[in-house]
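Chemist:
Numbering (my numbering), first residue to last: 353 to 486.
(1) On the premise that residue 419 lies in contact with residue 467, defined as a C-beta separation below 8 Å, what is that separation, rounded to the nearest angstrom?
(2) Check for me: the beta strand (DSSP E) holding residue 382 runs from which residue to which?
(3) Helix, strand or coil for residue 403, going by three-state DSSP, please let me know.
(4) When the Cα of residue 443 is compared with those of 401, 384, 365, 390, which residue comes out closest?
(5) Indicate whether residue 397 and residue 367 have their beta-carbon atoms separated by less than 8 Å.
(6) To the nearest angstrom, how far is the alpha carbon of residue 403 from that of residue 462?
(7) Out of curiosity, what's the CA-to-CA distance linking residue 428 and residue 373?
(8) Between which two residues does the beta strand (DSSP E) carrying residue 423 extend?
(9) What separation, rounded to the nearest whole angstrom, lies between the Cα atoms of residue 448 and residue 440?
(10) Work out the CA separation of residue 473 and residue 460 for me, nearest whole Å.
(11) Whole beta strand (DSSP E) runs in the segment 428 to 482 with 3 or more residues, listed along the chain?
(12) In angstroms with no decimal places, state the Cα-to-Cα distance between residue 365 and residue 390.
(13) Considering only the alpha carbon of each residue, which of 405, 369, 478, 358 lies closest to residue 382?
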């Protein structure tokens, strides 16, 4: 989000967040940035998981084939646990294979449904080793 705020291009940021501790933080960041810079950046934060946002009919109607770029840095299964919220992907899908399908595959599928044709999905993934060797 911060990168989109600082861009010289006028970007409307759309994001998903399940960490309940972050509610209000994004709104405050944009408010601070706009007040400090004199800009009027716009954004949407959906407090819903990226693996379930496709179930939000209003969201999908508004954004299907309408997003210029998707950038995602998905959690590395249980290597990045941001909170104890039940909506955290590794808590919803505690089995790695279930996580791959239920979280990662569904998130990427939705990302491609949202993208305009011929546009980009950028995925940041580190090469990590899980304790059980997966």
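All residues carry an ideal CB built from backbone N, CA and C; glycine is no exception. Keep in mind the model is a prediction, meaning the values are calculated, not measured.
Modeler: Let me lay it out:
(1) Position 115 of the chain shown, counted from the first residue, corresponds to residue 467. Position 67 of the chain shown, counted from the first residue, corresponds to residue 419. Confirmed, Cβ separation roughly 5 Å.
(2) Position 30 of the chain shown holds residue 382. Run containing residue 382: none in the beta strand (DSSP E); it sits in the alpha helix (DSSP H), 377 to 389.
(3) Against the chain shown, residue 403 aligns to sequence position 51. Note: residue 403 maps to coil in three-state DSSP.
(4) Counting from one through the chain shown, the residue named residue 443 turns up at place 91. Comparing Cα-Cα distances from residue 443 to each of 401, 384, 365, 390, the minimum goes to 401.
(5) Here residue 397 refers to the residue found at position 45 when the chain shown is read from its first residue. Here residue 367 refers to the residue found at position 15 when the chain shown is read from its first residue. With a cutoff of 8 Å on beta-carbon distance, residue 397 and residue 367 are scored as near each other.
(6) Mapped onto the chain shown, residue 403 falls at position 51. Mapped onto the chain shown, residue 462 falls at position 110. Annotation: residue 403 to residue 462 spans about 8 Å, alpha carbon to alpha carbon.
(7) Position 76 of the chain shown, counted from the start, is the residue given in the question as residue 428. Position 21 of the chain shown, counted from the start, is the residue given in the question as residue 373. Spanning the two alpha carbons is a distance of roughly 20 Å.
(8) Here the question's residue 423 lines up with position 71 in the chain shown. Taken as a continuous stretch (DSSP letters only), the beta strand (DSSP E) holding residue 423 covers 419 to 424.
(9) The residue labelled residue 448 in the question sits at position 96 within the chain shown. The residue labelled residue 440 in the question sits at position 88 within the chain shown. About 13 Å.
(10) Here residue 460 refers to the residue found at position 108 of the chain shown. Here residue 473 refers to the residue found at position 121 of the chain shown. Rounded to the nearest angstrom, the two C-alpha atoms are 9 Å apart.
(11) If one requires a minimum length of 3 residues, the beta strand (DSSP E) runs lying completely within the segment 428 to 482 are 467 to 475, in chain order.
(12) If you number the chain shown from 1, residue 365 lands on position 13. If you number the chain shown from 1, residue 390 lands on position 38. Answer to the nearest angstrom: the Cα atoms are 17 Å apart.
(13) Counting from one through the chain shown, the residue named residue 382 turns up at place 30. Answer by Cα proximity: 358.
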